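Asker: So the protein lines, in turn, are chains A and B.
Numbering of the first sequence is given in UniProt numbering, commencing with residue 1 and proceeding in unit increments.
Numbering of the second sequence is given in UniProt numbering, commencing with residue 1 and proceeding in unit increments.
Backbone N, C-alpha and C fix where the C-beta goes; we use that ideal spot for every residue, glycine too.
These figures come from a predicted structure and were not determined experimentally.
Number of protein chains: 2
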Amino acid sequence: MNARRRSHDRTETIMQTALDLALEVGYAKLSMEAVAARAGVGKDTIYRRWPSKALLFLDAVLSSRTQGLEHPDTGDIVADLRQVMTRACDLLGRPPWGPLYQDLIGEAQHNPEVAAALNERFIQPQAADTLARIKAAQEQGQLAPDFDLDLAFELLSGPLYFRLLITHEPLTPAYVDRVLQAVFAGMGPRPQP
Amino acid sequence: MNARRRSHDRTETIMQTALDLALEVGYAKLSMEAVAARAGVGKDTIYRRWPSKALLFLDAVLSSRTQGLEHPDTGDIVADLRQVMTRACDLLGRPPWGPLYQDLIGEAQHNPEVAAALNERFIQPQAADTLARIKAAQEQGQLAPDFDLDLAFELLSGPLYFRLLITHEPLTPAYVDRVLQAVFAGMGPRPQP
DNA sequence: GTCAAACAAGACGTCCCGTCCCGATATGGT
DNA sequence: ACCATATCGGGACGGGACGTCTTGTTTGAC
Chain A
1 MNARRRSHDR TETIMQTALD LALEVGYAKL SMEAVAARAG VGKDTIYRRW PSKALLFLDA
61 VLSSRTQGLE HPDTGDIVAD LRQVMTRACD LLGRPPWGPL YQDLIGEAQH NPEVAAALNE
121 RFIQPQAADT LARIKAAQEQ GQLAPDFDLD LAFELLSGPL YFRLLITHEP LTPAYVDRVL
181 QAVFAGMGPR PQP
Chain B
1 MNARRRSHDR TETIMQTALD LALEVGYAKL SMEAVAARAG VGKDTIYRRW PSKALLFLDA
61 VLSSRTQGLE HPDTGDIVAD LRQVMTRACD LLGRPPWGPL YQDLIGEAQH NPEVAAALNE
121 RFIQPQAADT LARIKAAQEQ GQLAPDFDLD LAFELLSGPL YFRLLITHEP LTPAYVDRVL
181 QAVFAGMGPR PQP
């Protein structure tokens, strides 16, 4: 059992060191040599646990930032969505974690393993949580009864990711409010009540 | 003048060769040595024109795919948006260009020069074109008069980019229709007419 | 106390970026 | 027609990092 224990300690140490170094120099300049040296382990010890630098980085980033993004249910769907979206922007949309998350998605563009793991371990759970909360809201009559719920997460997240990855503008609470306002109101002309 | 002409020829040859090679092996495995060898030029000749592999790649991708995404104005805003969005998905959302565009955005995540150039040369013009078309539609009463027009482009493009970059699901015309439908209808409950 | 597995350290082969050098070539002025 | 200059092709070079492999050592299990 102590072997397991020691082994687990090393795994934690390596991930933490990788994260620290990534925060200091960024993913592009993160080297396995540097991780091994600072963690005080041999490179083999790292490669025995992760098959590549990219997957170590993925574990390092995801393992520490996937908490605290569950939806509350206060009864007010807009307020609940705003809270989660704002919190996500705070966590992933600005330093120190923002650049790392950007790099992770960048890496996913040419590394299918990273892309798949990112989806399964982070995106899909978040989408499922959003869907559940939104379904409840629809049943309570807080949403249009015929709205395409499966699209809601992408509709709300898409603009945020667009800012994060394409225009690289800051993700402010004000922007979250604008997105919510627009998505709820809809773009088409409204019939006069 | 002939110097200019020769020079221009070489620039074209190098960009085309870089594009061909990128289509064959992808950006990650694209090497300057290979580009120089196949183009029959020295590496200096490339580095005299582009400061890095990333910016050569950017030029190569953007120079050949930025046409044909202007908005028509048939008088039907939904039909016009659908046409442009569908065409954009066809061009950028699937092979052979899709992976290159993904890689370009991936590179932009850790290369500010690439990010800035991509924005200025591709994203912003497209956003401006969309905004102009949408403004006209609003003035004709085809859109809600108080809708946040500056947000429209991000609202419509965001979900498409989300699929392209995050979930890597295919960008089909059916998906474009769903996005348009949802964005126009809005998520909130509608007053009974 | 013995042994096998895991370990730290680091050498190694490979790849490729970006720079530098050199001999060849073509250009444009005269 | 001819020469001076800038550009060119080819390739050597230094540098850095990935991922593998080797070696001798430490650790925990039995």
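For G98 of chain B, which of B:S31, B:V61, B:T17, B:L156 has the nearest alpha-carbon?
Answerer: The shortest C-alpha separation from G98 of chain B is found at B:V61.
Asker: For the alpha helix (DSSP H) holding K43 of chain B, just list the boundary residues, first then last.
Answerer: 43 to 47 is the span of the alpha helix (DSSP H), which, as asked, contains K43 of chain B.
Asker: Buried or exposed: where does Y101 of chain B fall if 16 or more other Cβ atoms within 10 Å of its Cβ makes it buried?
Answerer: That one is buried.
Asker: Looking at the secondary structure, which residues open and close the alpha helix (DSSP H) in which T130 of chain B lies?
Answerer: That run of the alpha helix (DSSP H) goes 124 to 139.
Asker: For R163 of chain A, does the count of other Cβ atoms within 10 angstroms reach 16, so buried, or fall short, so exposed?
Answerer: Under this definition R163 of chain A is a buried residue.
Asker: What residues in its chain sit with their C-beta under 6 angstroms from that of M1 of chain B, if we drop five residues either side in the sequence?
Answerer: Bear in mind that the predicted position of M1 of chain B carries a pLDDT of just 36, short of 50, making it unreliable; the figure below should be weighed with that in mind. Cβ within range, chain order: n/a, list empty.
Asker: Which residues in the same chain as I134 of chain B place their Cβ atom closer than 6 angstroms to its Cβ, once the five residues preceding and following it in sequence are excluded?
Answerer: Same-chain partners within the cutoff: L149, A152.
Asker: I want to verify the contact list: residues of chain B whose CB lies under 8 angstroms from the CB of M187 of chain A, in sequence order.
Answerer: In chain order: L143, A144, F147, A152, L155, V183, F184, G186.
Asker: Would you grab the beta carbon distance between E154 of chain A and P159 of chain B for me? Rounded to a whole angstrom, and I think it's under 8 angstroms.
Answerer: E154 of chain A to P159 of chain B, Cβ: 4 angstroms. Contact.
Asker: So which residues on chain A does D177 of chain B lean against when the C-beta distance must stay under 8 angstroms?
Answerer: Those do not exist, as D177 of chain B stays about 10 angstroms from chain A at its closest Cβ, beyond 8 angstroms.
Asker: Between the segment 176 to 183 of chain A and the segment 83 to 93 of chain A, can you find at least three pairs of beta-carbon atoms closer than 8 angstroms?
Answerer: The segment 83 to 93 of chain A vs the segment 176 to 183 of chain A: in contact.
Asker: Residues in the same chain with beta-carbon distance under 6 angstroms from W50 of chain B, minus the five sequence neighbours each way, listed in chain order, please.
Answerer: Around W50 of chain B: L56.
Asker: Does DSSP put Q16 of chain A in a helix, in a strand, or in coil?
Answerer: Correct three-state label for Q16 of chain A: helix.
Asker: Taking the beta carbon of G141 of chain A as the centre, do at least 16 other beta carbons fall within 10 Å, making it buried, or is it exposed?
Answerer: Its Cβ having fewer than 16 others within 10 Å, G141 of chain A is exposed.
Asker: Whole angstroms are fine: how far does the CA of L58 of chain A sit from the CA of A28 of chain A?
Answerer: Cα-Cα distance, rounded: 13 angstroms.
Asker: Which of the residues in the segment 12 to 33 of chain B, read from start to end, lie with their CB under 8 angstroms from any CB of chain A?
Answerer: Cβ contacts with chain A come from G26, Y27, A28.
Asker: Nearest to V183 of chain A by CA position, among A:S52, A:G26, A:F147, is which residue?
Answerer: Of the listed residues, the one whose Cα sits closest to V183 of chain A is A:F147.
Asker: Out of A:D44, A:T172, A:T13, which has the shortest C-alpha to C-alpha gap to R38 of chain A?
Answerer: Looking at the Cα atoms, A:T13 is the closest of the given residues.
Asker: Quick one: list the residues of chain B neighbouring H71 of chain A, beta-carbon separation under 8 angstroms, in chain order.
Answerer: Those do not exist, as H71 of chain A stays about 15 angstroms from chain B at its closest Cβ, beyond 8 angstroms.
Asker: Could you say which of A:E139, A:D9, A:A22 lies nearest to G75 of chain A if we only look at CA atoms?
Answerer: The option with the nearest alpha carbon to G75 of chain A is A:E139.
Asker: Compare the C-beta of A174 of chain A against all C-beta atoms of chain B and say whether one is closer than 8 angstroms.
Answerer: Output row for A174 of chain A: interface = no.
Asker: With H, G and I counted as helix, E and B as strand and the rest as coil, what does DSSP make of W97 of chain A?
Answerer: Reduced to three states, the DSSP call for W97 of chain A is helix.
Asker: Say whether chain B places a C-beta atom closer than 8 angstroms to the C-beta of P159 of chain A.
Answerer: Output row for P159 of chain A: interface = yes.
Asker: Beta carbon of L21 of chain B, beta carbon of A34 of chain B: below 8 angstroms?
Answerer: Yes, the Cβ-Cβ distance between L21 of chain B and A34 of chain B is below 8 angstroms.
Asker: For L165 of chain B and Y161 of chain A, what's the separation of their Cα atoms in angstroms?
Answerer: Rounded to whole angstroms, L165 of chain B to Y161 of chain A spans 9 angstroms at the Cα level.
Asker: Relative to the alpha-carbon of M32 of chain A, which residue among A:G26, A:A137, A:I46 has its alpha-carbon at the smallest distance?
Answerer: Nearest of A:G26, A:A137, A:I46 to M32 of chain A, Cα basis: A:I46.
Asker: Following the continuous alpha helix (DSSP H) through G158 of chain A, name the residue where it begins and the one where it ends.
Answerer: Element bounds for G158 of chain A: 149 to 162.
Asker: Give me, in chain order, the residues of the same chain whose beta-carbon lies closer than 7 angstroms to that of A3 of chain B; leave out the 5 immediate sequence neighbours on both sides.
Answerer: Here the model assigns A3 of chain B a pLDDT of 43, short of 50, so the residue's position is not dependable, and the following value carries that caveat. Cβ neighbours of A3 of chain B beyond the five flanking positions: none.
Asker: Rounded to whole angstroms, what's the CA-CA distance from L104 of chain A to R190 of chain B? Just pull it up for me.
Answerer: Going from the Cα of L104 of chain A to the Cα of R190 of chain B covers about 40 angstroms.
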